[in-house]
Amino acid sequence: MLYGTTGKILHIDLNTSTWTVEELGEATYRLYPGAKALAAYVLLRDLPPHTEPLGPDNILVLANGVLTGAPLSTATRFTAAARSPLTGGYGESEAGGFWGPELKFAGFEAITLRGRAEHPVYIWIKDGKVEIRDARHLWGREPHEAQETIRGELGDKLIRVLQIGAGGENKVRYAALTNDLRHFNGRTGMGAVMGSKNVKAIAVRGSGKYLDLTHDSKTVSNLGKQLARRVKDHPQAWDLQDKGTPGIVAGLNASGILPTRNFRAGAFEGVDNLRWEAYEKELLTARRSCYACAIRCKREVEVHDRYEVSNQYGGPEYEAVSGFGSNCGIDDLQAVAKANELCGRYTLDAISTANVIAFAMECFEHGLIGPYDTEGLDLSFGNAPAMLQAIEWIAHRHGIGNLLAEGVKRASEFIGGEAKFFALHVKGQELPMHDPRGKVGVGLGYAVSETGADHLVAFHDPVVANPNSLMFKSVAPLGITDALPPRELSEKKVRNYFIMESWSSAGKVTGLCYFGPAPRSFIEAQEMTDAVRAVTGWDVMIQELQQVGERAINLARVFNMREGFSRKDDVLPERLYTPSEAGALAGVAMDRVAFAQALTQLYAHKGWDADTGKPTRERLRALGIEWAADAMETQSI
Amino acid sequence: MRVHLGGHLNWYDAQKRAWLDVHIGDALSLEQLLQQLGVPAEEVGVAALNGSVIELESASVSDADRLELYPPVSGGSS
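Order-wise, the sequence lines are chains P and S. Counting with my numbering, you get residues 29 to 665 for the letters of the first sequence. Counting with my numbering, you get residues 4 to 81 for the letters of the second sequence.
Quick look at the structure:
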């Protein structure tokens, strides 16, 4: 008996408007218990290498984790995965909200979209029944209009709608998916993939109950109540509720690692206008939640002042505050909120969009692009109206926006010259707003991440820097024994990184948000394990979950190796090897030799070949996925 | 002096204040001040005194200062 999941994957063929249902066996599900693991497994199994990312043959996988939909705070996430149009490698992004749980209640653990519909459609799923409906009247409409129309047509206001806006329709390479207008699968261009399939939206509604799927519903229910009660008693969980992610702006600035003007500096002179106190005063109207989550870290904002900002699309997270703020040299929080709203409205990844605009601003500053290219728009750092105009142009692929919609890697190659030095990306994906010059493990994560630069592949160095801190104590069960300074790049740091990367991946696979598990938040490693035990009935231990996390990473790594990636792609942008220009880390740069050495050490921990970066057959066998070694050998270039 | 408890550090203040005006009289070591405020020193990741990052162990503070304290999640000092 399979618990914690419906065990069903819905495969939809858009070419023929037909679908089939695959039933997962328990042995398979225990190896790939959802989300990232299940998505990577399906892609590696079903998607031939070198498939055109925006062609009909790409497969978009939407997959829940085993805990997604449980009455446990932060158990809300689902994964969107496909070959990425941004990187050409494994693309993946997680979102919370309500859509993933509703899909499970409707009877499916995952969906795959294959082929391309003849005209725009939306998919309607209710309690195991599937319908493909005409969406020509929705194409070109903004998400709040499309959601309202779909709910009206289907006669149910509680239908959860996952959809794309203009960014996805126009195949911006970093277009996002949104559900309930406020929750995003932001990274790696999954919105463009859905747009390329002519799918506007997937609407779901289910009457199933998660606890009916569980092996031990009483334990799950009790754990959920315990966690909900603990939020106010746990400093970090309480902080996430009180301030959310925008609360970290001032601390990063003081530490010299608040990305400023395209990562040239780590401190911003206008930070007082961006920090949490300003956000609370100028923007905040409410705190919102994802499904069954007591943390409520989502911000709602509304502005009727210098800019008009709707409250429909959610408030800016830290990434947007820094990305559209300090990293574009802008100290107007209302402009930042407007930029964030536009990204929600057009379903653009706020991280990549902000990074792309900072890149364009630096190119403009150096004369690599000029007023002739920008229709007279002054794209100087600090020009908030120009930033907002650029977002409009990107979403609609107008003028220079058409080039910027390709991402910084392609745009820099087109512009040529020194533009490549201003393109802050790894494997084609733009850097998030975390500076590895001040937390070197984040740099390791950026480099080896299968999706390109990603700040959520591991926990950040400072959380395990003090041996007496709450955070450090929480990672002892994972096998971390050494508290190390954030900038120490040593073999011990590499070991810490490896352990935390696997655990972070395990969190994704189970469907927990990054703000659930310790050390970042309040769910202890043993509690997370107990939750999986109670849900599934498996005699799972922490070590098995660590292996689940590592297995998922290796599947995605094999996917990339098949596409021709290698160690040469695990590199950081040159800017990180140049000294930061201002702030507490002024004059500090990454050490190139030490970083290369650390990468080799990390490969050794991971069981990857030191020269090529390929996972070895021995490691894949140890992880129970030797078939992936065969796939890598027979299908690679 | 003006003290900022950033990130989760203001959870330790009974009134959950992010900014406090504290009168300390004679100069104190930073560790003594943290004790007085009830903020565990091990939860402080970075401290900035009048805009400059300082070491927790060696710093002292006086009434004229502006002190900002942040937890590790917001960054790190070394």
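Cβ coordinates follow ideal geometry from the N, Cα and C atoms, glycine included. Please read all numbers here as calculations on a predicted model, not as lab measurements.
| Asked | Found |
| --- | --- |
| Any beta-carbon of chain P closer than 8 Å to the one on Gly9(S)? | yes |
| Contact check, Ala220(P) vs Gly196(P) under 8 Å by CB: the rounded distance? | 6 Å |
| Rounded to whole angstroms, what is the Cα-Cα separation between Pro490(P) and Thr247(P)? | 34 Å |
| Taking Cβ to Cβ, would you say Leu268(P) is nearer than 8 Å to Ser350(P)? | no |
| So Ala17(S) contacts chain P; which residues on that side make the cut at Cβ distance below 9 Å? | Here the premise fails: no neighbours, minimum Cβ distance about 13 Å. |
| Would His453(P) be called buried (16 or more neighbouring beta carbons within 10 Å of its own) or exposed? | buried |
| Could you work out which residues of chain S lie near Asp267(P), taking near to mean beta carbons separated by less than 9 Å? | Gly10, His11, Leu12, Asn13, Trp14, Pro74, Val76 |
| Measuring CB to CB, does Val503(P) end up less than 8 Å from His488(P)? | no |
| Just the chain P side, please: which residues come within less than 9 Å of Gly48(S) by C-beta, in chain order? | Gly279, Ser283, Pro490, Val491, Ala493, Asn494, Ser497, Pro514 |
| Output needed for Leu311(P): all residues of its chain with C-beta closer than 7 Å, excluding positions within five of it in sequence on either side, in chain order. | Val329, Val331, Gly343, Leu361, Ala365 |
| With DSSP collapsed to three states, give me the class of His211(P). | strand |
| Assuming Tyr542(P) and Leu484(P) form a contact by the criterion Cβ under 8 Å, report the distance between their Cβ atoms to the nearest whole angstrom. | 5 Å |
| Indicate whether at least one CB of chain P lies closer than 8 Å to the CB of Ala67(S). | no |
| So that I know if they touch, is there some Cβ in chain S lying closer than 8 Å to that of Ala612(P)? | yes |
| Between the Cα of Glu173(P) and those of Ala382(P), Gly53(P), Lys157(P), Gln340(P), spot the shortest distance and give me the residue it belongs to. | Gln340(P) |
| Should the stretch 53–65 of chain P be called in touch with the stretch 168–183 of chain P, which here means at least 3 C-beta pairs below 8 Å? | no |
| On the DSSP bridge list, what partners appear for Thr56(P)? | None, per the DSSP bridge assignment. |
| Which value, in whole angstroms, describes the spacing of the CA atoms of Glu336(P) and Arg20(S)? | 31 Å |
| Across the stretch 91–107 of chain P and the stretch 529–540 of chain P, are there enough close Cβ pairs to call them in contact, namely three or more that are closer than 8 Å? | yes |
| Could you list which residues in chain S have their beta carbon closer than 9 Å to that of Gln362(P), in chain order? | Going along chain S, no residue has its Cβ under 9 Å from Gln362(P), so there is no contact; the nearest lies around 21 Å. |
| Going by CA-CA distance only, name the one from Leu627(P), Ala584(P), Leu604(P), Asp639(P) that's closest to Ile653(P). | Ala584(P) |
| Using 8 Å as the threshold, is the C-beta distance between Glu591(P) and Gly83(P) below it? | no |
| In the DSSP assignment, the alpha helix (DSSP H) including Thr564(P) goes from what residue to what residue? | 553–564 |
| Can you tell me which residues form a DSSP beta bridge with Phe106(P)? | Asn92(P), Ala123(P) |
| Ala293(P) and Ala12(P) - do their beta-carbons sit closer together than 8 Å? | Look at the range of chain P in this structure, 29 to 665, and you will see that residue 12(P) is not part of it. |
| My guess is that Ala231(P) and Leu182(P) are in contact by the Cβ rule of under 8 Å, so how many angstroms apart are they, rounded? | 6 Å |
| Is Pro263(P) close to chain S? Criterion is C-beta to C-beta, closer than 8 Å. | yes |
| Between Ile385(P) and Ala447(P), what straight-line distance do the alpha-carbon atoms span, to the nearest angstrom? | 13 Å |
| Tell me whether Trp167(P), by its Cβ, gets closer than 7 Å to a heavy atom of the ligand NAP. | For the ligand NAP, the structure offers nothing, since it holds no ligand at all. |
| Using the C-alpha atoms, what's the distance from Glu51(P) back to Gly35(P)? | 6 Å |
| For the candidate residues Met589(P), Asn582(P), Asn494(P), whose alpha-carbon lies nearest to that of Pro666(P)? | As shown, chain P starts at 29 and ends at 665. That puts residue 666(P) outside it, with no answer to give. |
| Can you say whether Met569(P) is buried or exposed, counting buried as having 16 or more other CB atoms within 10 angstroms of its CB? | exposed |
| With a threshold of 7 Å on Cβ separation, who are the neighbours of Leu31(S) within its own chain once the five nearest residues in sequence on each side are excluded? | Ser63, Val64 |
| Among all the DSSP beta bridges, which residues are the ones paired with Gly62(P)? | Gly93(P) |
| What is the DSSP secondary structure of Thr644(P), reduced to helix, strand or coil? | coil |
| Looking at C-alpha atoms only, which residue of Phe212(P), Lys271(P), Glu120(P) is the closest neighbour of Cys318(P)? | Phe212(P) |
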